[in-house]
DNA sequence: ATAGGGCTTCCAGTCACTGGAAGGTCAAGG
DNA sequence: CCTTGACCTTCCAGTGACTGGAAGCCCTAT
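Protein chains in written order, with my numbering: chain F, 35 to 162; chain D, 35 to 162.
What follows is the structure, encoded as structure tokens:
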């Protein structure tokens with residue numbers, strides 16, 4: 035299949051797929067016309083990448099995940115460690131966002147939001 | 035004050051303060067030796083920026099916030115709109131992270147994480 | 001006089017794409 | 001056979017918000 039089809043199938047933009055080839059995540063073959071030719075294995079890898087990225091793994095981690103995926107003598111603990119790291123990052127980020135949301139929503143609710151200049155949001159930013 | 039002091043006072047790295055000058059968020063004076071000289075107003079602005087960034091406003095929004103802050107005839111509704119936008123973004127991001135966390139933690143809990151290759155995390159990524 | 005720390009500029013790199021220009025290829029319709 | 005339009009190619013540059021590092025000036029203390 036050509037890049038358009040595999041983009042459709044994997045949910046990734048064609049640009050991103052070319053980029054993934056660039057950084058060596060995938061190695062599609064080439065047809066006589068210079069077009070990339072994607073095998074089923076390539077398509078599976080791209081779907082794998084789409085999901086892994088969607089779960090918060092970095093591209094570097096995806097590279098490792100792909101090599102673990104292909105290494106039939108892997109230890110599942112290696113995969114789990116990566117996943118636990120991603121989970122920890124997600125939870126840290128969520129805590130940070132929760133903090134922000136709390137502070138911000140309080141400021142928003144205290145601001146009447148009309149034509150007057152008086153504004154608790156700006157006041158809060160200027161001197162917490 | 036010099037950049038080191040104002041960095042300490044605002045919580046921003048000196049590098050970031052130079053960057054903020056570069057993009058025109060602040061305009062510190064210069065001493066005869068070429069060093070940046072920060073006034074109290076500069077310091078206040080940097081603290082303002084630290085807090086606004088910490089609440090999830092983009093640098094572009096911070097620029098607007100600063101100009102609203104200095105505009106004594108502003109409408110508080112303009113500030114509030116910006117803040118509501120930031121809040122909406124935060125909530126969207128939180129929802130996304132929650133989704134990720136749910137999926138990822140389920141996979142992690144299903145993986146025994148030992149020396150065997152068998153791994154539900156990889157299976158989940160390969161075919162959800 | 002020298003050692004150290006702090007300051008300066010400038011260039012390059014990060015992460016993961018994304019946009020756009022210039023041009024080659026292919027299938028369908030006239 | 002020619003054209004049209006969709007699809008493909010490469011290459012270069014830009015995004016956001018910094019961050020690292022090199023080369024060199026400045027200031028203070030010993």
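Backbone N, C-alpha and C fix where the C-beta goes; we use that ideal spot for every residue, glycine too.
For residue i, name the three-state secondary structure that DSSP assigns.
| i | result |
| --- | --- |
| residue 134 (chain F) | helix |
| residue 150 (chain F) | coil |
| residue 108 (chain F) | coil |
| residue 128 (chain D) | helix |
| residue 139 (chain F) | helix |
| residue 38 (chain F) | helix |
| residue 119 (chain D) | helix |
| residue 158 (chain F) | helix |
| residue 46 (chain F) | coil |
Can you tell which of the options has the C-alpha that lies nearest to the C-alpha of residue i?
| i | options | result |
| --- | --- | --- |
| residue 96 (chain D) | D:111, D:45, D:106, D:80 | D:80 |
| residue 133 (chain D) | F:124, F:138, F:144 | F:124 |
| residue 111 (chain D) | F:83, F:44, F:153, F:54 | F:153 |
| residue 42 (chain D) | D:109, D:72, D:67 | D:72 |
| residue 163 (chain D) | F:62, F:147, F:60 | Residue 163 (chain D) lies beyond the residue range present for chain D, which begins at 35 and ends at 162; the question has no answer from this structure. |
| residue 136 (chain F) | D:142, D:138, D:121, D:141 | D:121 |
| residue 68 (chain D) | D:161, D:53, D:36 | D:36 |
| residue 45 (chain F) | F:92, F:83, F:151, F:102 | F:83 |
| residue 56 (chain F) | F:150, F:93, F:118 | F:93 |
| residue 119 (chain D) | F:99, F:138, F:150 | F:138 |
| residue 60 (chain F) | F:88, F:89, F:130, F:99 | F:99 |
| residue 161 (chain D) | F:58, F:75, F:52, F:66 | F:75 |
| residue 38 (chain D) | D:70, D:53, D:64 | D:70 |
| residue 156 (chain D) | F:141, F:159, F:78, F:126 | F:78 |
| residue 103 (chain D) | F:52, F:116, F:151, F:53 | F:151 |
| residue 159 (chain D) | F:142, F:40, F:89 | F:89 |
Chain F contacts from the segment 97-109 of chain D (Cβ-Cβ distance under 9 Å): 99, 102, 103, 105, 106, 107, 108, 109
The segment 49-60 of chain F: positions lying closer than 7 Å to chain D by Cβ: none
Alpha helix (DSSP H) segments (min. 4 residues) lying fully within the segment 48-95 of chain D: 48-56, 74-88
Interface positions of the segment 141-156 of chain D facing chain F (Cβ-Cβ less than 9 Å), listed along the chain: 141, 142, 145, 146, 147, 148, 149, 150, 151, 152, 153, 154, 155, 156
Residues of the segment 116-129 of chain D with Cβ closer than 7 Å to any Cβ of chain F, in chain order: 117, 118, 120, 121, 124, 125, 127, 128
Selection of the segment 85-97 of chain F by Cβ proximity to chain D, strictly under 8 Å: 85, 86, 88, 89, 90
Residues of the segment 59-77 of chain D whose Cβ lies closer than 9 Å to any Cβ of chain F, in chain order: none
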